[in-house]
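What follows is one structure encoded as structure tokens, with my remarks underneath.
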Amino acid sequence: MTLPPKDPRPAISRRDLLKTAGAAGAAALIPDAVGAVTEEAPALAPLLAGPMTNLTASETEILSAMVDRLIPTDELGSGALDAGVLQYIDRALSEAESDAAEAYRSGLAALDQYSRYSRGGPFIDLSTVDQDSALIDVQIGAATGAGAGFVGSSASFFNMVKSHTWQGMFGDPKYGGNVDFAGWDLINYPGIRLAVSPEDQRSLEADQLERARRSAYDFGLFE
Amino acid sequence: MPTQLGETDVVIVGMGAAGGVAAYPLAEAGLNVVGLEAGTWLDQRDFAPDEIRNNYRDWPMLVKKTELERPTSRATSATTATRVGSHPMMNAVGGTTLHYWAQSWRLNPWDFSVVTETARRYGASRIPAGSTVEDWPFGYDELEPYYDRVEREVGISGQAGNVRGDIDLRGNRFEGPRQREFPMPPLRWTAFHDRMAAAARTLGWGPFPGPAAVNSEAYDNRPGCGYHGFCNKGGCPVNAKNATHITTIPRAVDTGNLKVVTRAHVTTLEVGSDGRVSGVNYVVGGNEYFQPARVVLVASYTYENVRLLLLSKSRAYPDGLSNNHGQVGRHYFSHYTGGGVGALFPYDLKAWYGLPAQGVAVDDWADDNFDHSDYDFIGGGNLWVMSDRRPISAAGMNTYGRSRNWGSSWKRFIRENSDRSHGSYIQKTTLPYEDNYLDLDPQVTDPLGFPVIRITGRYMDNERAIGAFTQDRMEEWYREAGAVEVNRGGLGNAMGASTHAYGGTRMGDDAETNVADRWGFSHEAPNLGVLGASVMGTSGAHNPTLTSQALAWRTAEHLVDNWGDIAE
């Protein structure tokens, strides 16, 4: 993982950028701002792809902050935002996961409500420590009830977002996530091959098999 | 009014694992066969190694008949049934053989005579209370020639352990005698498989490679397996998985005697005043058809076989076709494969490229292969160490309490451990019980307004005791191979919907307790045959597909040999 080059201009914090993206739509981010990102925040490129189709600006902002805690960008490299998880989820809500749109709508509002109620502020303004502890409550179902408005157990909302985040991070890039094979690199997946010979397997066992970085659809064989 | 079609000799409802096999001997014998299939033809272009599409989005290009007919499920008749989340089977020409694991086992001889053998060795009181288990109407030897035939026609790779009584310790020493070797050698092993096999030998067990409906080398003009890693719920992009849509079905079509009708949604079977089945009603794209036939074979999945019979009410069969003895839906059970064991190793398994049918089996603790005198159960489990790893599921692995399952600490964990976990697959002897059955749900219907199947079933003490016992054996095995963490799944007791669903139209000589006779034909409606695991009365500790295919071939051959008697 190579971080973006440092820039002498005044730094804009990651949180400010997320808020900007949320408030005015990601398209409002001017390219200049990218160069101003500090080492703390190399994850904004996906946000520049444009506004979301299914998520509102405020939902985008809360979901961004959430998936950024689930798979953060850190010394081990790219996180969910770099890998295009937001784009994956937004697109999935138009396609295979259209039934989940309402669960996102109500769940993200409930997460924010729960943050205000239990941690004294909107989710995106919480410290990462508080964000994590709020998310743990949501994950284990402890945020259920409490006036937050989760439909059913808060755990089912958490599990849904986590499942989609993992799909976006580790699934085929065709669906908009796993940008630059960030997810596959994280887990050292050696890549898609249609035929793995005994020699290939032996090379893999000797840590000598070259990583194949391609989508299944790059073979040109599949519809 | 439905469109009346011209009469045919045989209609097969469902062109999947069983119907897709039976069609071939029938067509080859010159009978005119119509195969009605709810799904469509799919081919290699549809089989991308794409985990999102295969494992999370459930093949969006499919006809979703099964999905719209998902059963409801409850543990006992005292509880309320709820709809199962998804249907485990798929609609397509070839059925679920397109994306199944393709483990292709024969049953053990003991599985055919559980009652007699248990009484002989331990006393009749050892049959679990409440079980309705019976011996099969015939033994392993009767089915052996059909196993042999199907192994060649479909294409099965494996290592024989018993050829005409000669034991070969490279294979399963406990298997029934087979007349010859497999048509192909077994799928290869990885270094991890070698390591697990060595650990099993250290424990005094007999590890061996399992049988698979997957080419280990070129066979039938198709290539050997590419081990690409997406076989679990994935179709094969190189046609090395021997699904019936590329094996027996095209051969049957080539005779000129099989007509496959796709997108055909069968609703009911019609019965004449003589109590014989007269044909099948089906719908294609909103248009209704009646296909008259001299013989009808139902070969949809267990849930749908039972449902079709229960929905087909007539003057002759007021409670459903072939149900005048109240046996349709009884003796239902699904294979107990829960109570799994997972392990974490301190080394990479290099398991990214492989398939669930590739691996190391141990049968020392299956069936009656060990003395049960000091145990409180009969039967046992097959321990199966396979390869099955894909990126999304690998990243979702159990963290064994060593990390939260998200966040930066999880990233460190997964970077080190994504290729270090293993989950075993343990299939256990499961018996039918009086309290477990299928019937029509009184409330939930499919989009056409027909009730869906309701599953009432739970695993009983015998199954749970096997579960705990085999978990002990599996943990021993993992520890011997160096596992640093071992995790046991709970021994839950509700059955739910399963890919291994048995019974409901059980086969046996006694018409009071069985729907089908020893040939797979109805005791009540003589020109109705039943194909699939719904005729099986025991599960053994091994996958059902090869047995249901051998039975299907045998039923088809019986029909050919007795055409005059059965078809009139």
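The listed protein sequences correspond, in order, to chains V and B.
Quick note on our numbering: the first sequence kicks off at 61 and runs consecutively.
Quick note on our numbering: the second sequence kicks off at 755 and runs consecutively.
Using N, Cα and C, we set each Cβ at its ideal position, and we do this for glycine too.
Quantities reported herein were computed from a predicted structural model and do not represent experimental measurements.
message = DSSP three-state label for SER216 (chain V), please.
response = When DSSP states are grouped into helix, strand and coil, SER216 (chain V) belongs to the helix group.
task = Spell out the partners DSSP gives GLY1135 (chain B) in its beta bridges.
result = Bridge partners of GLY1135 (chain B): B:LYS1182.
query = Are there 16 or more other CB atoms within 10 angstroms of the CB of ASP758 (chain B), so buried, or fewer, so exposed?
reply = For clarity, residue 758 (chain B) is Gln in the given sequence; the question names Asp instead. The residue is exposed, with fewer than 16 neighbouring Cβ atoms inside 10 Å.
query = Start and end of the beta strand (DSSP E) containing GLN1045 (chain B)?
reply = 1041 to 1052
inquiry  = Between the alpha carbons of VAL127 (chain V) and THR1299 (chain B), how many angstroms are there, rounded?
reply    = Spanning the two alpha carbons is a distance of roughly 42 Å.
key: Run of the beta strand (DSSP E) containing GLU1239 (chain B), from where it starts to where it stops   = 1239 to 1242
task = Let me know if THR113 (chain V) comes out buried or exposed under the rule of 16 or more other beta-carbons within 10 Å of its beta-carbon.
result = exposed
query = So, is GLU155 (chain V) buried or exposed, given that buried needs 16 or more other C-beta atoms within 10 angstroms?
reply = exposed
8 Å CB neighbourhood of LEU957 (chain B) in its chain, flanking five on each side removed = GLU1230, TRP1231, GLU1234
query = Under the three-state reduction of DSSP, which class applies to GLN1081 (chain B): helix, strand or coil?
reply = Here GLN1081 (chain B) sits in coil by DSSP.
task = Could you pull the start and end residues of the alpha helix (DSSP H) that LYS121 (chain V) belongs to?
result = Per the sequence presented here, residue 121 (chain V) reads as Glu, with Lys not at that position. In the DSSP assignment, GLU121 (chain V) falls within the alpha helix (DSSP H) that extends over 117 to 130.
ask   = Near ARG271 (chain V), what residues of its chain come up, given a Cβ to Cβ distance below 6 Å and the 5 sequence neighbours on each side ignored?
value = PRO250, GLY251
ask   = Should THR1356 (chain B) and ALA771 (chain B) be called a contact, given that it needs their Cβ atoms to be closer than 7 Å?
value = There is no way to answer for residue 1356 (chain B), as the model of chain B reaches only from 755 to 1322.
ask   = When the cut-off is 7 Å and only beta carbons count, does PRO102 (chain V) lie next to chain B?
value = Because PRO102 (chain V) carries a pLDDT of 37, less than 50, the predicted location of this residue cannot be relied on, and no value is offered for it.
request  = With 7 Å as the threshold, decide whether the Cβ of ALA945 (chain B) is near any Cβ in chain V.
outcome  = yes
ask   = Secondary structure at ASP1195 (chain B), three-state DSSP: helix, strand or coil?
value = strand
message = Along the chain, where does the beta strand (DSSP E) containing ASN1035 (chain B) start, and where does it finish?
response = 1031 to 1038
ask   = In chain B, what lies closer than 8 Å to PRO132 (chain V) by C-beta?
value = GLY1161, SER1162, LYS1165
ask   = With 7 Å set as the bound, which would you pick, yes or no: does the beta-carbon of GLU265 (chain V) sit closer than that to a beta-carbon of chain B?
value = At least one C-beta of chain B is nearer than 7 Å to the C-beta of GLU265 (chain V).
request  = Measure from the alpha carbon of ILE196 (chain V) to the alpha carbon of each residue in V:ASN219, V:PRO182, V:ILE184, then state which is nearest.
outcome  = The shortest Cα separation from ILE196 (chain V) among V:ASN219, V:PRO182, V:ILE184 belongs to V:ASN219.
ask   = Do you know how far the Cα of GLY139 (chain V) is from the Cα of ASP245 (chain V)?
value = 11 Å
request  = Classify GLN758 (chain B) as helix, strand or coil using the three-state DSSP reduction.
outcome  = Three-state DSSP puts GLN758 (chain B) in a strand.
inquiry  = When you compare the segment 1172 to 1189 of chain B with the segment 1114 to 1133 of chain B, are there three or more beta-carbon pairs, one atom per stretch, that lie closer than 8 Å?
reply    = Segments in contact, yes.
message = If we define contact as Cβ-Cβ less than 7 Å, is HIS982 (chain B) a contact residue for chain V?
response = HIS982 (chain B) has a beta carbon lying within less than 7 Å of a beta carbon in chain V.
key: Residues near GLN933 (chain B) by beta carbon distance below 7 Å, same chain, minus five either side   = GLU898, ASP902, ARG918
query = In terms of alpha-carbon separation, which member of B:PRO891, B:TYR973, B:ARG1158 lies closest to PRO940 (chain B)?
reply = B:TYR973
query = So, PRO891 (chain B) versus ASP1263 (chain B), is the Cβ gap smaller than 7 Å?
reply = yes
query = Whose Cβ in chain B lies nearer than 8 Å to the Cβ of TYR174 (chain V)?
reply = Simply none; closest approach about 17 Å.
inquiry  = Looking at the secondary structure, which residues open and close the alpha helix (DSSP H) in which VAL817 (chain B) lies?
reply    = No alpha helix (DSSP H) holds VAL817 (chain B); DSSP gives it neither H nor E.
request  = Kindly say whether ASP804 (chain B), judged by its beta-carbon, lies nearer than 7 Å to any beta-carbon of chain V.
outcome  = yes
inquiry  = Considering just the uninterrupted stretch of the beta strand (DSSP E) at THR1021 (chain B), what are its terminal residues?
reply    = 1019 to 1025
task = Would you list, in chain order, the members of the segment 1168 to 1187 of chain B that have their beta-carbon closer than 8 Å to a beta-carbon of chain V?
result = In summary, the residues of the segment 1168 to 1187 of chain B whose CB is separated from some CB of chain V by less than 8 Å are ILE1168, ARG1169, SER1172, ASP1173, in the order they occur in the chain.
query = Between V:LYS234, V:LEU171, V:LEU115, V:ASP232, which lies nearest to PHE210 (chain V) when the distance is taken from Cα to Cα?
reply = V:LEU171
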